[in-house]
Every structure is written in structure tokens, then in C-alpha cells.
Amino acid sequence: MSITKTEAIVLKRLKFGDTSKIVTLYTKDYGKIKVIAKGIRKPKSRLAGTLETFFHIHIVFYKKTTTEIYLLSQSEILRPFQKITRDLNRYAFASGTLELLDKLITGEEPNPEIFELTLNTLSFMEACTPKSVEKSFLFFVLKLTDILGYKPKFDRCISCGKTIPEKLILFSPEKGGIVCVRCAREDQAYLRLTKDSTKLAFRLQSIKLDKLNSYNIPKERFREMLKVVLNLLDYHTGKGRELKSLEFLKEEFGAG
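Below, the structure is given as C-alpha cells:
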């Protein structure tokens, strides 16, 4: 057993026994882990109030190779992201961000790039204008697909490599990119994209988060791009369309 320190983002919590909780964290140095916060539901617990969903925290825990759930010793709040919890739209998209991360990351595989992407996305959602919240979620999903090795190709046909002049473009989740009509096959499933959506998606793949406010993404373009990336993740992992916290997208954006 070793005493371990790291930064973490609280993904979710589950009551355990009469007074404890099992908390799922995405950590900077160890990837996704689960810890047990013993006695946290007692009124005088020193851990109480430090393990809320979205919180960016510093933790001390006991790491053992013989168990999958570690014992949490200390937790200190670094940033609570309180504005996210007080705004329904911010809360919904931030919840989707963490839920997607929780579903796609299955084990203790440290990835500081994913940790920084998630933390920066939450920070942006906390501070941005209401209209930019949904853009930051789309940005997160596009960047996450890149880090995980599923980066979709939007600038030219993924089969023949040629640019696509047509206004209506096909996207293949199986191939991971747009396909021209000459390369499309009847036995494969495709999603329809407009030329404007492919241009926007291609630009979003290369920009930094602090430049996101300068991009105007109409509701219809957002719907198209979100549907594409969620279907892409679903093809590779089987989990891209299981986001319970984003059920409202099916009605508001038609992205289900």
C-alpha cells in the first residue's frame, strides 16, 4: 500500500453503506479511478462537501494493487465550478462531458492530455456566454476523438482523397470521415452533412479553446456535427449515443 497524491475531477458518486460513498474520479496521474470516502455522509466528516460532481480537487489516497477501489484519505477543493451547477444549460452539457468521459475511459490509463482537455472545457463552460456552452461540448467531443485515435476526416474524401464539390456530403462512421458519391457504397450506412458543417468541423479540430467564442455555429450545423461525432464514437465503442444527461438533445437539436 502506498500513499498517493494527485489532482482529480469528480465524475460521479454512489452511496455506499450507511455513511460512505464510492466516488469515480478522473485523475491527472492515474486516469480513471474509484475511491471510497468512508463516513463522508456523517455531519462532521472532513470530506463532506469536497466531492461534489464537477469539482476539481486535490486528493490523498491509499493505492493498493490488490483492489480496484482505493481508500480516500484527504480531499481539498481547487475549483468547485459553482456557476455550472446553477445554470441548467451549463449543467446539462457539463454533465454530458463527464458522462462521455466516464463511458469511454474504462481503466486506469493515465492521460494528462485528456485531463487538461476536460478541466479546460469545464473552465470554459463556467466562464463563457450562454450561447458558447454547447460549442464547448462539441469542441470537447472533437478533441477527445482525436486523442483516442478516432479523429474524423472532414476536409476530403477518406476513400479517394479528393475534395468533395457537392453541397450535400456523406459521412461514414465506419471509415471515420466524409465520402464522395463516387466512393459511397450501398451496403454501408451514412450520415448526411452540409458543406458548411464539414468546413466548421474541420476548423474546430485545429483551433484552441480560447478562440471558440469567435465562431458562430447555427443550431442546424451544431445538430449535424454532434450527431456525426456521437455516431462515430458509438461505432468504435458502442457508447457514443448512451448519454442520459444529454437526452434533451434529441428534442432540442435532433441529435439522437
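Take any residue in the sequence shown, note its place counting from 1, add 85, and you have its number in this note's numbering.
Every residue gets a Cβ at the ideal spot worked out from N, C-alpha and C, and that includes glycine.
CB of T89 within 7 Å of CB of F140, strictly:
Against a cut-off of 7 Å, the Cβ pair of F140 and T89 comes out as no contact.
Assuming A179 contacts L207 (C-beta within less than 8 Å), just tell me the rounded distance between them.
The pair is a contact, with the Cβ atoms about 6 Å apart (cut-off 8 Å).
Leaving out five residues before and five after T135 in sequence, what residues of the same chain have Cβ atoms less than 8 Å from its Cβ?
Short of 8 Å from the beta carbon of T135, and not among the five residues preceding or following it, lie these beta carbons of its own chain, in chain order: I142, S160, E161 and I162.
Using only CA atoms, which one of I254, I292 and L294 lies nearest to D281?
Out of I254, I292 and L294, I254 has the C-alpha closest to the C-alpha of D281.
Bridge-paired residues (DSSP) for T344
Absent from the structure is residue 344, since the part of the chain shown begins at 86 and ends at 341.
Could you tell me whether the Cβ atoms of T283 and I263 are closer together than 7 Å?
Yes, the pair counts as a contact, with Cβ atoms nearer than the cut-off.
Leaving out five residues before and five after Q273 in sequence, what residues of the same chain have Cβ atoms less than 7 Å from its Cβ?
Leaving aside the five residues that flank Q273 on each side, the residues in its chain whose CB is nearer than 7 Å to its CB run, in chain order, S257 and E259.
Euclidean distance between Cα positions of N298 and V218
Each residue's alpha carbon lies about 10 Å from the other.
Who are the Cβ neighbours of M210 in its own chain at under 7 Å, not counting the five residues just before and after it?
Cβ neighbours of M210 beyond the five flanking positions: I169, R175, F178, A179, V218 and S221.
Alpha helix (DSSP H) segments (min. 4 residues) lying fully within the segment 213-246
The qualifying runs are 218-232.
How close, in whole Å, do the beta carbons of K312 and L276 come, if the pair is a contact with beta carbons under 8 Å?
About 6 Å separates the two Cβ atoms, so the contact holds.
Alpha helix (DSSP H) containing K168: first to last residue?
First-last of the alpha helix (DSSP H) with K168: Q167 to R171.
Proximal residues to L183 (C-beta, below 6 Å), its chain only, five neighbours per side dropped:
Closer than 6 Å at Cβ, skipping near neighbours: L96.
Own chain partners of F287 with C-beta closer than 6 Å, once the 5 adjacent residues on each side are dropped:
Non-local beta-carbon contacts of F287 in its own chain, meaning distances under 6 Å to residues more than five positions away in sequence, involve F239 and D240 in chain order.
Helix, strand or coil at G262 according to DSSP, with G and I counted as helix:
DSSP places G262 in the strand class (E or B) of the three-state scheme.
Given G246 as reference, the closest of R267, L227 and N196 once Cα atoms are compared:
Checked all of R267, L227 and N196; the closest Cα to G246 is R267.
In terms of residues, what are the limits of the beta strand (DSSP E) holding E161?
Counted as a single uninterrupted DSSP element, the beta strand (DSSP E) harbouring E161 occupies residues I154 to R164.
Quick one, are the C-beta atoms of E193 and Y115 less than 7 Å apart?
Yes, these two residues count as a Cβ contact at 7 Å.
Might you give, ordered along the chain, the residues of its own chain that have their beta carbon closer than 8 Å to the beta carbon of T214, omitting 5 neighbours on each side?
Counting only Cβ-Cβ distances below 8 Å, and skipping sequence neighbours, we find N298.
What whole-angstrom Cβ distance do L285 and R308 have, given they're in contact under 8 Å?
Actually they do not touch by this definition, with Cβ atoms about 12 Å apart.
Taking all protein chains shown into account, do 16 or more other C-beta atoms lie within 10 angstroms of the C-beta of G181, making it buried, or fewer, making it exposed?
Buried, by the Cβ-count rule.
T150 (DSSP reduced to helix, strand or coil)
The DSSP-derived three-state label of T150 is coil.
From K344 to M310, what distance separates their C-alpha atoms?
Since the displayed the chain opens at 86 and closes at 341, residue 344 lies outside it and no answer follows.
Thinking G202 and F225 are a contact (beta carbons under 8 Å), I'd like their distance in whole angstroms, please.
In the sequence under discussion, the amino acid at residue 202 is Leu, which differs from the Gly named in the question. The beta carbons of L202 and F225 sit about 7 Å from each other, so the pair counts as a contact at 8 Å.
For F101, which three-state DSSP category applies?
In the structure shown, F101 adopts extended strand secondary structure according to DSSP, grouped into three states.
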